[in-house]
Structure formats: C-alpha cells, structure tokens
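Undergrad:
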Amino acid sequence: MNRARVLLRTAAVGPLDYRVPHGMTAQHGSIVEVPLGPRKLMGVVWEEEKFQVEEVGDNRLRNILAVVDTPPIRPELRRLAEWTADYYLAPLAAVMRMILPSSSALGPGGTIIEYRHTGTAPPRMTAQRELALEKLDGEQGLVRELAAKAGVTDAVIRGLIKAGSFEAVEVSGDAPFIPLDPEHQPVDLTAEQATAATRLRAAVEAEAFSPILLDGVTGSGKTEVYFEAVAEALRRGRQVLVLLPEIALTQAFLKRFKARFGMEPALWHSSMRSTQRRRTWRGVADGSAQVVVGARSALFLPYANLGCIIVDEAHETSFKQEDGVRYHARDVAVMRGLMESLPVILASATPALESRHMAEIGRYEQLVIPSRFGKAQMPDIQSLDLLQDPPERGRWIAPTLVRAIEERLERGEQSLLFLNRRGYAPLTLCRHCGHRIQCPNCTSWMVEHRLTRRLACHHCGHLEKLPEKCPECGEADSLVACGPGVERICEEVQALFPEARSVVATSDTISNPAHAAEFVSRVEAGAIDIIVGTQLVTKGYHFPNLTLVGVIDADLGLEGGDLRAAERTFQQIAQVAGRAGRAEKPGQVIVQTRSPGHAVIEALVAGERDAFYDAETEARRHAGAPPFGRLAAIIISSEDQSEAAETARIIKASAPEMADAIVYGPAPAPLAMLRGRYRQRLLVHARRSAPLQDALRGWLGKLDWPRGVRVTVDVDPYSFM
Ligand code: ADP
Ligand code: ZN
Numbered sequence: 001m002n003r004a005r006v007l008l009r010t011a012a013v014g015p016l017d018y019r020v021p022h023g024m025t026a027q028h029g030s031i032v033e034v035p036l037g038p039r040k041l042m043g044v045v046w047e048e049e050k051f052q053v054e055e056v057g058d059n060r061l062r063n064i065l066a067v068v069d070t071p072p073i074r075p076e077l078r079r080l081a082e083w084t085a086d087y088y089l090a091p092l093a094a095v096m097r098m099i100l101p102s103s104s105a106l107g108p109g110g111t112i113i114e115y116r117h118t119g120t121a122p123p124r125m126t127a128q129r130e131l132a133l134e135k136l137d138g139e140q141g142l143v144r145e146l147a148a149k150a151g152v153t154d155a156v157i158r159g160l161i162k163a164g165s166f167e168a169v170e171v172s173g174d175a176p177f178i179p180l181d182p183e184h185q186p187v188d189l190t191a192e193q194a195t196a197a198t199r200l201r202a203a204v205e206a207e208a209f210s211p212i213l214l215d216g217v218t219g220s221g222k223t224e225v226y227f228e229a230v231a232e233a234l235r236r237g238r239q240v241l242v243l244l245p246e247i248a249l250t251q252a253f254l255k256r257f258k259a260r261f262g263m264e265p266a267l268w269h270s271s272m273r274s275t276q277r278r279r280t281w282r283g284v285a286d287g288s289a290q291v292v293v294g295a296r297s298a299l300f301l302p303y304a305n306l307g308c309i310i311v312d313e314a315h316e317t318s319f320k321q322e323d324g325v326r327y328h329a330r331d332v333a334v335m336r337g338l339m340e341s342l343p344v345i346l347a348s349a350t351p352a353l354e355s356r357h358m359a360e361i362g363r364y365e366q367l368v369i370p371s372r373f374g375k376a377q378m379p380d381i382q383s384l385d386l387l388q389d390p391p392e393r394g395r396w397i398a399p400t401l402v403r404a405i406e407e408r409l410e411r412g413e414q415s416l417l418f419l420n421r422r423g424y425a426p427l428t429l430c431r432h433c434g435h436r437i438q439c440p441n442c443t444s445w446m447v448e449h450r451l452t453r454r455l456a457c458h459h460c461g462h463l464e465k466l467p468e469k470c471p472e473c474g475e476a477d478s479l480v481a482c483g484p485g486v487e488r489i490c491e492e493v494q495a496l497f498p499e500a501r502s503v504v505a506t507s508d509t510i511s512n513p514a515h516a517a518e519f520v521s522r523v524e525a526g527a528i529d530i531i532v533g534t535q536l537v538t539k540g541y542h543f544p545n546l547t548l549v550g551v552i553d554a555d556l557g558l559e560g561g562d563l564r565a566a567e568r569t570f571q572q573i574a575q576v577a578g579r580a581g582r583a584e585k586p587g588q589v590i591v592q593t594r595s596p597g598h599a600v601i602e603a604l605v606a607g608e609r610d611a612f613y614d615a616e617t618e619a620r621r622h623a624g625a626p627p628f629g630r631l632a633a634i635i636i637s638s639e640d641q642s643e644a645a646e647t648a649r650i651i652k653a654s655a656p657e658m659a660d661a662i663v664y665g666p667a668p669a670p671l672a673m674l675r676g677r678y679r680q681r682l683l684v685h686a687r688r689s690a691p692l693q694d695a696l697r698g699w700l701g702k703l704d705w706p707r708g709v710r711v712t713v714d715v716d717p718y719s720f721m
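See the structure below:
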C-alpha cells in the first residue's frame, strides 16, 4: 500500500488520504501521525471502501509522518467503533477519540516532568498561593493537575515553582504491570455461588459470545463470583474489563481485588493523571494490563486479547453517557462481546428491566444467587406513612425513624439516611416578595449548599455566594430555605442526636477516589454513627455494622413521571435497603412515603421484586415503550429562543412519512434553558423493527440550520429533561 485513508481524531475534518512513504509500513488499524495544514494530528488507517472521500491525485498527497509504535487497532474494534457511530448517530471521529485518548498517550515513552511540593514557603505569600499550598500539601503532578486540584490558575502554580515551593521530578511513564495471580487467595464459595461461578468459568473457557445476567440479591457475593470469571481469564492469558458505574466505588473494589489476586488492576477513568493514563493505555494495547477497572470509556480501549467483560451494577443509568457520543456502555459492552466472541457479565441485584426481559426471552443466560452470603438475612423493609406519622413541623425525620436511629446509637450500630438531593435546600425563596432564586443560565432553582455557603446550579455548575438580602426586593434577612437536601437532614440529625457522629456523603464531599477511601475507612473503623447520603451511597458499599436504612422521601423519584421512574425508584430503594444488615446483625429499612399504596412501595415492602418487574414489563409492552418499542430524542438548542423554536418546527415539518413511527413535539424541554441555550425537544417513538437510525439520517441529513443552532440526537434516551 502506498496510499492510506486516515481517519483523524478531529471531527471537523473527514477521513483524508495520505501517502505512505517508501520504507514505511502502514496497515489497516495502524495509528499514524499526519500533517494537516501546519498541524500534526493522530489518526488511524481505515479501510478505503468505508468512506467516500474526494479523490486527490497522487502528486498532491502529503506523507504520513510516522507510524506510532503500538499494535494496530484490531478490526473488531474498528467495527465496534463503526457500529457505535452508526447506532448513536455520532461522528466516527468522536468515537475514535475514545479509542485514542490523546497524543501524549501515544508519544514516545520515557519520562515526564512533574512537580512535587517541597514544603519551602515562598518568599512572598499571596492569598492564592496560600490557598494552593494548603490544598497541595505533599502533592505531586503536572502544573495543570496541581492547578485543578487547588482551584487556582496555572500561573499561581508556576509562580510557586519559581519560588521553590515545588520542584521538578522525573517520572517514568512506563512502569511495567506486575502479573496478577489467579490463585493468590481463592475464597470458598457457597454452593449457590459455586454453581454460578462454574457457569461463568465455562463461558470464559468457551471463548464465544454469551451475554449473562448475574442476578444475585444484595450481599449475595456477586463480586466473589465474577472474580472466578476473572481468574479463569487470567489462567488462559486473556484480559478482563470490569466496568463500574462510579469512580467513588473503585477504591473499595481495588482493595478486594488485591486481596484476591495479589495486585491491583489497571485503572481507567476521567480523573486519572496523564502519566497513569498513558501507562494503562499502553498496557491495554500490549496485553500487559491484564485487568482494567474503569468507567464507561474503558470500553473503547484497544485490548490486545480481551477474554471477558463484566459490567457491575449493570442497571445503573450512569452507564449512559449524556454528552458527546450518547452511548450506553452496557449496550455497547454487549455489542463488543458479540464482535469479539466473548462473555459479557451483567451483574446486578436489580437488573434493568430491559436486561431482565432479554433473560426472560432466552437471549441472555440468567444466573441467580437467591440468598445473602453467610448468616446475613435480607433486611426487613417497612413503609412509614408520612400522613399518619408525620415529622414535627419543619423537620423531615418522622418519630418512628427517629426512635429506630436512637436504638442503633444505643447498640453502637450505624444508620444510613438516604435522600437523593445534594445540598441544603433545593429552593431559596424571599419571604418578603416571593422571589425564587433561579440560575441565570438554566431553567432551574439555585440549590443552597450551606457547607460552602454558596448557591449552586446542579445543571451547569454556576455558583453564587449566598446573598445576604433578596436580590429582587433588597430586603435583608428575608431569604428562606425551602425543602430538604442531605445537608439539612444532617443538621436535623445533629440537633436530634448532638452526641452522634454524622457525615454527609454526596458527590460534593466524595469527589475522588481518595475521599471515597477516607469515607470507607472512617465508617469501617466505627468513627461514624449516621451517614446521610445521596444515590452515591446506595450501591457497592459493604458496612457490616450498618443495620438501619431510612429513606427520607421515597416519593421523590416517582414525581418526574418519565418512563423509567417506577423502575428507577424501585432499584434505588432496593439498593439502598441492601446496605442494611449485610453481616450477622439483621437489617431494618424504613421507607418514608406519602403513598404507601403505590405499587413500587408495596413491592418493596412485600419483597416481590419479580412480580413488580412483571407488571412493569406488561405496562411497557402495552405502551410500546422500550424494550418493546424504540425511542430517539432530537434536542434543538440555541442561544436565540425563536431560532431554536423555528428550527424545531422545520425539523418536525420535514419528518418523513413513517408507517411504524410517530414523532411527538416539538415542545420546550423540561429544562427549557440549559447553560444559556434555549432547548426544544422532539421525540420519535418507533416500533421495535423500525429502521430508526436510517430514517433519522435520511431526515436530518437533508436539513440545514443556522450556525448557532445545535441539533443532537439521543438514541435510546434515558434522560427526558
Ligand atoms: P454483592 O456484590 O452481591 O452485594 P459482595 O460480593 O459485596 O455482594 O459480598 C458481600 C460480602 O460477603 C463481602 O464482604 C464479601 O467479601 C463477602 N462474601 C461473599 N461471598 C463470600 C465467600 N464465599 N466467602 C467469604 N466472604 C464472602
Ligand atoms: Zn445553571
């Protein structure tokens, strides 16, 4: 080949042809560096016939500059990238950016210069420097990383380097991965666990596509069971990918993993340092990173010989990416398994309705672990009718729940209160003029965060200082907090039990793996009596001494009314309930609700998971909702309100005739403004068999819209905001 078609990481330019200079070997999948104008870009050599490009004469071709010294991207991964781009209507280049994260990961090995805190005080101290030094005690990293960690500009860090407070150190980017030992510390499985583990081992051994639902109740030992699949893959010299829904869970996972296999696995997530990122990427590509644990983007890494994919807490909607390529990592994982002929294990105590349906109709194998490990029993779940047993005025914890917490404190046991709302109060209102403080960029109320004394928008991240007087009428001390968030519940806990040690656990307080590790060790050491947390604490954690879970407001999730509201509420409460009584001591769960007769609450109390899923599945079938029908949302946004509305109207008007689909809308999105952009939505509801993507491509591909308008397609949407 003396000509190569190269797909660049940059979506703005399509694939381009280049000359392969004499003496260079480039094959399909090779990662190459090519010139574009004055720039050098990374790309992958792709099959010529996949793209239409403008023919360029041989004499006008520019040379490929270099072939990167890593194995070529395998055809299976190239096909997966194409499938993802096709299915989610995303540019292939955007998918490619997930495969080739950055050119620094591909550059030559060797050392990287980082800066380490020296402890030397700078001759001149400023407020910014002081702030940075306080946050960066003992830290090391790139200028950019340090600046981000301290919340200061790069210039502040550079100033501190000049002043001697940080010194340069050379770090090797390529410390080798130490082999994992499948026999390091095997566990004795129970008979139920062993049955499931045997099937998983056989699936890994078969080296064939097999989607498997590992359906075990909370605390049944699903992790121990799928570790047997990991061990089998290791024995066979194959790699394993474990996807976790939340980085906060990795620390606890790493500990267990190390205990079982002797070493930690490789990591892949967004808050990783670039040196680690490079090392993992290379290790994945050459096969030396045997097990990778990561967030959804780890799915697109170029594994040399993947043998198994595990999606833990597979029902979690955080596996759906909501920007860029809007893919669902669980679904793409299954597709990768199909393309690479390997088992994909979806582990959950509360499977997604879609996954459970696939098992029901025999497309997925279902392995059930019906009981908890050891002496642990399933917790007792009861509902607490807030109308019958209301909290005191201005309080949110009903007397029965208060007494239950009290009992735990007396016995030296721990309690967890769950409310899926960050901050102190979801709404701040002026009692003088009635003004409600809204985000200037979004259709949403500013949420008070009392710990940081700020108002925050949970949609765009806009922050304001908590004003002392009403911004509308100027009245002083007139602002009141309406409704509870976790911080407010924690305040109530402190007022009720001044002696108890309580902690707020949310993405604000546990924002990285180090915080998560600290949180876990404090709870494990018994330094915490009462945890007040959001969905962050509903899953994964195993605290043996935690025996009470209180759900502050079970009705919250049912309000939105999107198609998965009931399913999601069920999963969330069942998961948080699953944190109670995981060891010898029995667990109790109290669910505060205004509608104890709601099907979700009744199913939870009666422990009738399958009856609930069956009814919910029938309702979906009746409505033609997923998985029986298909949805795609089209979101039109612009800074100009009428431009967004007009474009949405034109898109609707040009909808093709589709016998097997209906187009709803346009209508202003529930989040009618987001980050300063007005938003309109259309929803396409199609039959299962309808060629939805082709129809969308034909339809939207023909249209043009003003430059300031953005049109996004969300296939299989999970968010209806
Ligand atoms: P799940 O993921 O199903 O909620 P875990 O895998 O976290 O359950 O297991 C719950 C607890 O029980 C963990 O502390 C785990 O180490 C322990 N456990 C489960 N199975 C075994 C076993 N066979 N031997 C020893 N400990 C086990
Ligand atoms: Zn906002």
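Residue 101 in the numbering used here sits at position 101 of the sequence shown, with consecutive numbering throughout. For every residue, glycine included, the Cβ atom is placed at its ideal position computed from N, Cα and C.
Ser638 by DSSP, collapsed to three states: which one?
TA: Stepping through the sequence shown from its first residue, residue 638 is reached at position 638. Residue state, collapsed to three classes: strand.
Undergrad: The alpha helix (DSSP H) that contains Lys255, what's its start and end?
TA: As a first step, residue 255 is located in the sequence shown; it is residue number 255 there, counting from the start. Unbroken alpha helix (DSSP H) run through Lys255: Thr250 to Phe261.
Undergrad: So the beta strand (DSSP E) His117 belongs to, where does it begin and stop?
TA: As a position in the sequence shown, residue 117 is number 117, starting the count at 1. Element bounds for His117: Thr111 to His117.
Undergrad: In chain order, what residues place their C-beta within less than 5 Å of a heavy atom belonging to ligand 2?
TA: The filter returns Cys439, Asn441, Cys442, Cys457, His459, Cys460 and His462, in chain order.
Undergrad: So what does DSSP say about Arg745, is it helix, strand or coil?
TA: Look at the range of the chain in this structure, 1 to 721, and you will see that residue 745 is not part of it.
Undergrad: Would you check if there are 3 or more beta carbon pairs closer than 8 Å linking the region 647 to 654 to the region 414 to 421?
TA: At 8 Å Cβ cutoff, the stretches do not touch.
Undergrad: For Leu244 and Cys442, which I take to be in contact (beta-carbon distance under 8 Å), what is that distance rounded to the nearest angstrom?
TA: Along the sequence shown, read from residue 1 onward, the residue named residue 244 stands at position 244. Along the sequence shown, read from residue 1 onward, the residue named residue 442 stands at position 442. Actually they are not in contact, since the Cβ atoms of Leu244 and Cys442 sit about 29 Å apart, beyond 8 Å.
Undergrad: If I follow the unbroken alpha helix (DSSP H) through Thr617, where does it start and stop?
TA: Your numbering for residue 617 matches position 617 in the sequence shown. Per DSSP, Thr617 belongs to the alpha helix (DSSP H) from Arg609 to Ala623.
Undergrad: Near Val325, which residues of its chain fall below 8 Å by C-beta distance, leaving aside the five closest residues on each side in sequence?
TA: Position 325 of the sequence shown holds residue 325. Within the same chain, Val325 has close Cβ partners Thr84, Ala85, Tyr88, Ala90, Ala94, Val95 and Met98.
Undergrad: Give the single residue among Ala644, Asn512, Ala625 and Ala233 whose Cα lies nearest to the Cα of Ile634.
TA: Numbered from 1 along the sequence shown, position 634 holds the residue referred to as residue 634. Nearest of Ala644, Asn512, Ala625 and Ala233 to Ile634, Cα basis: Ala644.
Undergrad: If you drop the 5 nearest sequence neighbours on each side, which residues of the same chain put their C-beta closer than 6 Å to that of Ser726?
TA: Here the chain has residues from 1 to 721 only, and residue 726 is not among them.
Undergrad: With burial defined as no fewer than 16 other Cβ atoms inside 10 Å of the residue's Cβ, what is the status of Cys457: buried or exposed?
TA: Numbered from its first residue, the sequence shown carries residue 457 at position 457. That one is buried.
Undergrad: Can you tell which of Arg9, Gln575, Thr10 and Asp69 has its C-alpha closest to the C-alpha of Ser30?
TA: As a position in the sequence shown, residue 30 is number 30, starting the count at 1. When each option's Cα is compared against that of Ser30, the closest is Asp69.
Undergrad: Compute every distance between the C-beta of Thr547 and the non-hydrogen atoms of ligand 1, then say whether any falls below 7 Å.
TA: Taking the sequence shown and counting its residues from 1, one reaches residue 547 at position 547. Checking the Cβ of Thr547 against ligand 1 gives no.
Undergrad: The alpha helix (DSSP H) that contains His357, what's its start and end?
TA: Taking the first residue of the sequence shown as 1, we reach residue 357 at position 357. Start and end: Leu353 to Glu360.
Undergrad: If you pair each beta-carbon of the region 526 to 537 with each one of the region 583 to 601, do three or more pairs fall below 8 Å?
TA: Flag = no, the region 526 to 537 and the region 583 to 601 do not touch.
Undergrad: By Cβ distance, which residues of its chain are closer than 6 Å to Met358, with the 5 residues on each side in sequence left out?
TA: For the purposes of this step, residue 358 is identified with residue 358 of the sequence shown, where counting begins at 1. So the qualifying residues of the chain are Tyr364.
Undergrad: Please classify Cys433 as buried or exposed, where buried requires at least 16 other C-beta atoms within 10 Å of its C-beta.
TA: Within the sequence shown, the letter at position 433 stands for residue 433. The residue is exposed, with fewer than 16 neighbouring Cβ atoms inside 10 Å.
Undergrad: Could you tell me how far apart the beta carbons of Val56 and Gly43 are, in whole angstroms, since I believe they sit closer than 8 Å?
TA: Taking the first residue of the sequence shown as 1, we reach residue 56 at position 56. Taking the first residue of the sequence shown as 1, we reach residue 43 at position 43. Contact flag wrong, Cβ pair sits at about 16 Å.
Undergrad: Relative to ligand 1, is the shortest distance from any of its heavy atoms to the C-beta of His542 smaller than 7 Å?
TA: As a first step, residue 542 is located in the sequence shown; it is residue number 542 there, counting from the start. Yes, ligand 1 has a heavy atom inside 7 Å of this Cβ.
Undergrad: Can at least three beta-carbon pairs, one atom from the region 230 to 247 and one from the region 288 to 307, be found at a separation below 8 Å?
TA: The region 230 to 247 is in contact with the region 288 to 307.
Undergrad: Kindly indicate which three-state DSSP category Asp529 falls into: helix, strand or coil?
TA: Position 529 of the sequence shown, counting from 1, holds the residue named residue 529. In the structure shown, Asp529 sits in coil (DSSP, three-state: anything other than H, G, I, E or B).
Undergrad: Keeping to the same chain, check which residues put their C-beta closer than 7 Å to that of Ile662; ignore five residues upstream and five downstream.
TA: Along the sequence shown, read from residue 1 onward, the residue named residue 662 stands at position 662. Hits under 7 Å: His685.
Undergrad: Do you know offhand how far Ala577's Cα is from Thr534's?
TA: On the sequence shown, position 577 is the one that residue 577 refers to. On the sequence shown, position 534 is the one that residue 534 refers to. Going from the Cα of Ala577 to the Cα of Thr534 covers about 13 Å.
Undergrad: Could you give the uninterrupted runs of the beta strand (DSSP E) lying entirely in the region 296 to 338, keeping only those of 3 residues or more?
TA: Runs of the beta strand (DSSP E) inside the region 296 to 338: 306 to 312.
Undergrad: Taking the straight line between their C-alpha atoms, what separation do you get for Arg273 and Val537?
TA: Residue numbering aside, residue 273 sits at position 273 when the sequence shown is read from its first letter. Residue numbering aside, residue 537 sits at position 537 when the sequence shown is read from its first letter. Rounded to the nearest angstrom, the two C-alpha atoms are 25 Å apart.
Undergrad: Alpha carbon to alpha carbon, how far is Val368 from Arg630?
TA: Reading the sequence shown from its first residue, position 368 is the one you call residue 368. Reading the sequence shown from its first residue, position 630 is the one you call residue 630. Cα-Cα distance, rounded: 28 Å.
Undergrad: My output table needs one value for Met673: the three-state DSSP class, helix, strand or coil.
TA: Reading the sequence shown from its first residue, position 673 is the one you call residue 673. Here Met673 sits in strand by DSSP.
Undergrad: Can you name the start and end residues of the beta strand (DSSP E) that Leu558 belongs to?
TA: For the purposes of this step, residue 558 is taken as residue 558 along the sequence shown, with counting starting at 1. Here Leu558 belongs to no beta strand (DSSP E); instead the alpha helix (DSSP H) covers Leu556 to Glu559.
Undergrad: Which residue comes first and which comes last in the beta strand (DSSP E) that contains Gln366?
TA: Counting from 1 along the sequence shown, the entry for residue 366 is found at position 366. Glu365 to Ile369 is the span of the beta strand (DSSP E), which, as asked, contains Gln366.
Undergrad: List the residues that DSSP assigns as beta-bridge partners of Ile345.
TA: Translated into the one-based positions of the sequence shown, residue 345 becomes position 345. Answer is Ile212 and Ile310.
Undergrad: So for Cys457, helix, strand or coil by DSSP?
TA: Taking the sequence shown and counting its residues from 1, the one referred to as residue 457 is at position 457. Note: Cys457 maps to coil in three-state DSSP.
Undergrad: For Val240, does the count of other Cβ atoms within 10 angstroms reach 16, so buried, or fall short, so exposed?
TA: Residue numbering aside, residue 240 sits at position 240 when the sequence shown is read from its first letter. Buried, because 16 or more other Cβ atoms sit within 10 Å of the Cβ of Val240.
Undergrad: Can you determine whether any heavy atom of ligand 1 sits closer than 7 Å to the C-beta of Ser689, and answer yes or no?
TA: Numbered from 1 along the sequence shown, position 689 holds the residue referred to as residue 689. Ser689: no, Cβ never under 7 Å from ligand 1.
Undergrad: For ligand 1, any of its heavy atoms closer than 7 Å to the Cβ of Gln193?
TA: Here residue 193 refers to the residue found at position 193 when the sequence shown is read from its first residue. Checking the Cβ of Gln193 against ligand 1 gives yes.
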